[in-house]
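So my numbering is basically just the index in the sequence shown, starting at one, shifted up by 30.
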Amino acid sequence: VNACNSCDVKVVVETGTVELSSKIGGENIKLTKGNTGVYFIHSGKLEKSTTSDVNAFAWKTNDIIFHNANLVYVCKTLENVFSKKITLDNRLKNCFLDANFKDSDLQSILEIIKGNYTVQIKKTGENYDLTGSGCEPNR
31 VNACNSCDVK
41 VVVETGTVEL
51 SSKIGGENIK
61 LTKGNTGVYF
71 IHSGKLEKST
81 TSDVNAFAWK
91 TNDIIFHNAN
101 LVYVCKTLEN
111 VFSKKITLDN
121 RLKNCFLDAN
131 FKDSDLQSIL
141 EIIKGNYTVQ
151 IKKTGENYDL
161 TGSGCEPNR
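Shown next as structure tokens:
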């Protein structure tokens with residue numbers, strides 16, 4: 031379960047069955063292995079989908095896999111795993127990463143990204159800003 035007081039609730043089911051209910055309208059959905067459910071806190075709506083993200087449980091396993099992954103996805107995954115805000119410069123959105131990380135800390139992963147591209151990393155409190163000149167689209 032990925033949740034906070036003011037954000038949507040996301041449930042990814044690894045085993046078993048989970049019922050996700052809405053406070054508004056009494057709607058509910060049943061989730062089984064391989065399903066993802068999202069409760070949108072502001073609207074009270076529920077959404078069910080199939081889990082296809084290889085990093086869905088990375089927050090728990092600390093095993094992160096990126097195969098030709100866009101840096102937008104990389105940063106979003108790292109935010110979910112490490113509960114840190116990572117801002118990506120628009121010029122870096124066409125960069126892609128191939129890497130696997132097992133039990134790596136956030137700083138080490140960011141250093142790998144920095145080593146692959148012309149990226150500067152600025153840490154402000156608990157937040158990270160990644161800036162750079164970009165890269166050629168490879169798709």
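Glycine is no exception: its CB is placed at the ideal position from the N, C-alpha and C atoms.
In this text the structure is predicted, and so the values were computed from the model without any measurement.
Burial state of residue i (16 or more Cβ within 10 Å)
i    : result
T117 : exposed
N85  : buried
I28  : Within the shown structure, residues of the chain are numbered from 31 to 169, placing residue 28 beyond reach of any answer.
T107 : buried
I143 : buried
T47  : exposed
Residues bridged to residue i [DSSP beta-bridge criterion]
i    : result
T47  : T62
L160 : L118, I151
V41  : G67
N130 : I95
Reference residue i, options the options, closest by Cα
i    : options               : result
E77  : V111, T47, D38, F96   : D38
T66  : N120, N92, L50        : L50
N100 : S79, Q150, C125       : C125
E57  : R121, K75, I71        : K75
K123 : N110, E141, Y147      : Y147
L127 : N92, K152, G164, T154 : G164
D83  : G55, V149, Y103       : Y103
N92  : F70, K53, L136, K152  : L136
DSSP-derived helix/strand/coil call for residue i
i    : result
E141 : helix
V84  : coil
N146 : helix
E57  : coil
N124 : coil
F112 : helix
K179 : Outside the shown range of the chain, which is 31 to 169, sits residue 179, and nothing can be said about it.
Answer yes if the segment 104 to 118 comes into contact with the segment 151 to 160, meaning at least three C-beta pairs across the two stretches below 8 Å, and no otherwise.
They touch, by the three-pair rule.
Can we say the segment 92 to 105 touches the segment 129 to 140, given the rule of at least three CB pairs closer than 8 Å?
Using a C-beta cut-off of 8 Å, the segment 92 to 105 makes contact with the segment 129 to 140, since at least three inter-stretch Cβ pairs fall below that distance.
Could you check whether the segment 58 to 65 touches the segment 42 to 50, counting it as contact only if at least three pairs of C-beta atoms, one from each stretch, sit closer than 8 Å?
For the pair of segments examined, the segment 58 to 65 was found to touch the segment 42 to 50: the number of CB pairs separated by less than 8 Å reaches three.
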